[in-house]
Every structure is written in C-alpha cells, then in structure tokens.
Amino acid sequence: MTTLPIESQKSAQIRFTLNGEETDVSFAPYKTLLEVLREDLGHTGTKHGCELGECGACAVLLDSKPVLSCLVLALECGGRQVLTVEGLGEYGSLHPLQDAFADLGAAQCGYCTPAILVTAKALLDLNPHPSRDQIREAISGNLCRCTGYLQIFEAVEAAMLKIADQRKSVTQMPG
Amino acid sequence: MPNEKGSRKIPVEAPKTNGDELRVIGVPRRRVDARAKVTGQTRFADDIFLPRMAHCKLLRSPHPHARIRKIDTSRAAAP
Numbered sequence: 007m008t009t010l011p012i013e014s015q016k017s018a019q020i021r022f023t024l025n026g027e028e029t030d031v032s033f034a035p036y037k038t039l040l041e042v043l044r045e046d047l048g049h050t051g052t053k054h055g056c057e058l059g060e061c062g063a064c065a066v067l068l069d070s071k072p073v074l075s076c077l078v079l080a081l082e083c084g085g086r087q088v089l090t091v092e093g094l095g096e097y098g099s100l101h102p103l104q105d106a107f108a109d110l111g112a113a114q115c116g117y118c119t120p121a122i123l124v125t126a127k128a129l130l131d132l133n134p135h136p137s138r139d140q141i142r143e144a145i146s147g148n149l150c151r152c153t154g155y156l157q158i159f160e161a162v163e164a165a166m167l168k169i170a171d172q173r174k175s176v177t178q179m180p181g
Numbered sequence: 182m183p184n185e186k187g188s189r190k191i192p193v194e195a196p197k198t199n200g201d202e203l204r205v206i207g208v209p210r211r212r213v214d215a216r217a218k219v220t221g222q223t224r225f226a227d228d229i230f231l232p233r234m235a236h237c238k239l240l241r242s243p244h245p246h247a248r249i250r251k252i253d254t255s256r257a258a259a260p
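As they're listed, the protein sequences go chains A and B. Just so we're aligned: the first sequence equals residues 7 to 181 in our numbering. Just so we're aligned: the second sequence equals residues 182 to 260 in our numbering.
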C-alpha cells in the first residue's frame, strides 16, 4: 500500500471565521476540527486529550456553542464561526475569565484550561449570573485533574462579577 | 458569589506590619506562568511540531497474558 505525500492529501478546503478573522485552510478531508486547528493552522492552544469526547480538553466554540473539536469534522465548519482560547482576550488584554483564572489559581498544569475558559465564556454569554450549580453543570464535560474544580468555580464567579461591573460602568458613562 | 459555602476564603486586604502593607506575605500572588496558561501559549510536549518529526503509536495487547510473536508495522512504516 502506498501513501500519498502529506501535501497532496490536503484536498479539502474551507473558509471560516477563526477568532473573528476570515481564514482559508486546506487539509486532508478526514481531519477533525481539532487536528486542523492544531496541525494545519498552528493554533495549539486547543488541547488534544482523549480524542473520544470524554475529557473536554478540546472544547472550542462553534457559532458560540461549546463543541468537542475532536468529534467535529473540519469539513462541517465551512462558513461558521470558531472561537478558541487564542481569540479570548482583545488587543493584548486578557478576558476577565482569563484574569480570574490566573489570579485565583484555577489554571495549574493548564492542560484543561483553554477548553474550560471557552466553555465558561459560552455560559456567561448566555447567562450573565449563573449559580454555582449552573457553573458546575456547564463545566461538567471538562475534566480537570489538578484543581478539584473549586478554584475553577470561584474564578468563573469572580469573572462574572467583574463583567457585571464593567457593564455597569459602561452604561453609566456620560455621553 | 465568591466565598460562599464550600469556598476557600480569598484574602482581600493585605496584612499590615507597623502600618505598612505587606506586599508578598499573606497576599495572593499570580503564578509566573499563569498568563501563558490562560492564553494557550504554554507549550506542552504535544504542541511541539518539528521538521522530520517521527510519530509513535501505542499498540496495546488485546490479550492479558500472551507471548508476542510479531508485530505488523507495515501500515505505520513511512512511504
């Protein structure tokens, strides 16, 4: 059996929005979104965990919804919006979630962190004031073997308060 | 809310000595690698791609106790 050289396997091509930027990518058609992000686009912030949909380390937002990128074919993503951890902060500043995770020790080894950050962002976008149980439920698909989750819940709550504060100060700004 | 039941106490104010605020002791400090970890910039072994890199695959035995006679590596061999 002969195998084609890797470049000529890149027979599929899509255009999609990656972290707010229009992106064209060529890749082998059997590849998952996770593989295309990491191998063809060099975005290694999204982690490769179990590849079975069990650990949640590969979560990204597809049209603002958290999905396990190891179970999504890249071919399905043409014309859609993908957000990864690389697209969280704006203009070199950290997203309030990233700040809270860094301040409160919610990122230890850091392998589960990118996926939990985007999953938490999807939750806060949908529900700006989730309860502890709602946070627990939203993060339940993401395994973390370091923190015991307490620091993560606290960080999401701290970020939630900070985002609410920011909104308040924006609406109170004169003019 | 932070500091609710089941949460750790997060210190808010820095402890004082002779009226001066302590800047390190008793104050939460950010880990030196925290920023890299929350931005996805930390490089794990799996994130390193090098030219001419060899890949390996773990092949597990389907039998709990058996002697390996041979392993067919033809599909894994480079073209």
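We put the beta carbon where it would ideally sit given N, CA and C, even for glycine. Being a predicted model, the structure only gives us computed values, none of them experimental.
Local conformation of Glu-57 of chain A per DSSP, three classes: Against the first sequence, residue 57 of chain A aligns to sequence position 51. Glu-57 of chain A falls in the coil class under three-state DSSP.
Buried or exposed, going by whether 16 or more other CB atoms sit within 10 Å of the CB of Asp-171 of chain A? Position 165 of the first sequence, counting from 1, holds the residue named residue 171 of chain A. It counts as exposed.
Between the stretch 137-145 of chain A and the stretch 112-120 of chain A, are three or more C-beta pairs nearer than 8 Å? The stretch 137-145 of chain A, when compared against the stretch 112-120 of chain A, does not touch it at the 8 Å Cβ threshold.
In angstroms with no decimal places, state the Cα-to-Cα distance between Val-42 of chain A and Gly-55 of chain A. Start at 1 with the first residue of the first sequence, and residue 42 of chain A comes out as number 36. Start at 1 with the first residue of the first sequence, and residue 55 of chain A comes out as number 49. Their Cα atoms are separated by approximately 15 Å.
Rounded to whole angstroms, what's the CA-CA distance from Gln-207 of chain A to Ala-161 of chain A? Just pull it up for me. This structure leaves residue 207 of chain A out entirely; chain A is present only between 7 and 181.
For Thr-50 of chain A versus Asp-201 of chain B, is the C-beta distance shorter than 7 Å? By 1-based counting over the first sequence, the position of residue 50 of chain A is 44. By 1-based counting over the second sequence, the position of residue 201 of chain B is 20. It is not a contact, given that the beta carbons lie outside the stated cut-off.
Is there at least one Cβ from chain C nearer than 7 Å to His-135 of chain A's Cβ? Absent from the structure is chain C; the protein chains it does hold are A and B.
Cβ-based neighbour list, His-101 of chain A, same chain, cut-off 6 Å, excluding 5 preceding and 5 following: Position 95 of the first sequence, counting from 1, holds the residue named residue 101 of chain A. Leu-94 and Gly-95.
In DSSP terms, what Ser-242 of chain B is bridged to: Position 61 of the second sequence, counted from the first residue, corresponds to residue 242 of chain B. Paired residue(s): none; Ser-242 of chain B is not in a bridge.
Could you compute how far the alpha carbon of Met-182 of chain B sits from the alpha carbon of Met-166 of chain A? Here the question's residue 182 of chain B lines up with position 1 in the second sequence. Here the question's residue 166 of chain A lines up with position 160 in the first sequence. The pLDDT assigned to Met-182 of chain B is 46, lower than 50, so where the model puts this residue is not dependable, and the model offers no usable value.
Give the DSSP-derived three-state secondary structure of Leu-187 of chain A in the structure shown. This structure cannot settle anything about residue 187 of chain A, because the visible part of chain A is limited to 7 through 181.
For Gln-157 of chain A, does the count of other Cβ atoms within 10 angstroms reach 16, so buried, or fall short, so exposed? Taking the first residue of the first sequence as 1, we reach residue 157 of chain A at position 151. Gln-157 of chain A should be labelled buried.
Can you find the residues in the same chain that come closer than 8 Å, C-beta to C-beta, to Val-124 of chain A, ignoring five residues on each side of it along the sequence? Mapped onto the first sequence, residue 124 of chain A falls at position 118. Apart from sequence neighbours up to five positions away, the residues of its chain that approach Val-124 of chain A with a beta-carbon distance below 8 Å are Ala-65, Val-66, Leu-67, Pro-72, Leu-89, Thr-90, Val-91 and Leu-94, ordered along the chain.
Cβ-Cβ distance between Ala-164 of chain A and Ala-106 of chain A below 7 Å: For the purposes of this step, residue 164 of chain A is identified with residue 158 of the first sequence, where counting begins at 1. For the purposes of this step, residue 106 of chain A is identified with residue 100 of the first sequence, where counting begins at 1. For the 7 Å CB-CB criterion, Ala-164 of chain A and Ala-106 of chain A form a contact.
At which residues does the beta strand (DSSP E) containing Phe-33 of chain A begin and terminate? Locating residue 33 of chain A in the first sequence gives position 27, where the first residue counts as 1. First-last of the beta strand (DSSP E) with Phe-33 of chain A: 27-33.
Check the Cβ of Gln-15 of chain A against every Cβ in chain B and list those closer than 9 Å, keeping chain order. Counted from its first residue, the first sequence places residue 15 of chain A at position 9. Correct list: empty, because the minimum Cβ distance to chain B is about 11 Å.
So, helix, strand or coil for Met-182 of chain B, using DSSP? Mapped onto the second sequence, residue 182 of chain B falls at position 1. Here the model assigns Met-182 of chain B a pLDDT of 46, short of 50, so the residue's position is not dependable, and the following value carries that caveat. Coil.
List the residues that DSSP assigns as beta-bridge partners of Ala-108 of chain A. Here residue 108 of chain A refers to the residue found at position 102 of the first sequence. BP columns for Ala-108 of chain A are empty, so no partner.
Is Leu-149 of chain A near Cys-76 of chain A, with beta carbons less than 7 Å apart? In the first sequence, residue 149 of chain A corresponds to position 143, counting from 1. In the first sequence, residue 76 of chain A corresponds to position 70, counting from 1. Here Leu-149 of chain A is not near Cys-76 of chain A, since their CB atoms are 7 Å or more apart.
Does Pro-183 of chain B have its Cβ less than 7 Å from a Cβ in chain A? For the purposes of this step, residue 183 of chain B is identified with residue 2 of the second sequence, where counting begins at 1. Note that Pro-183 of chain B scores 48 on pLDDT, short of 50, meaning its location in the model is unreliable and no value can be drawn from it.
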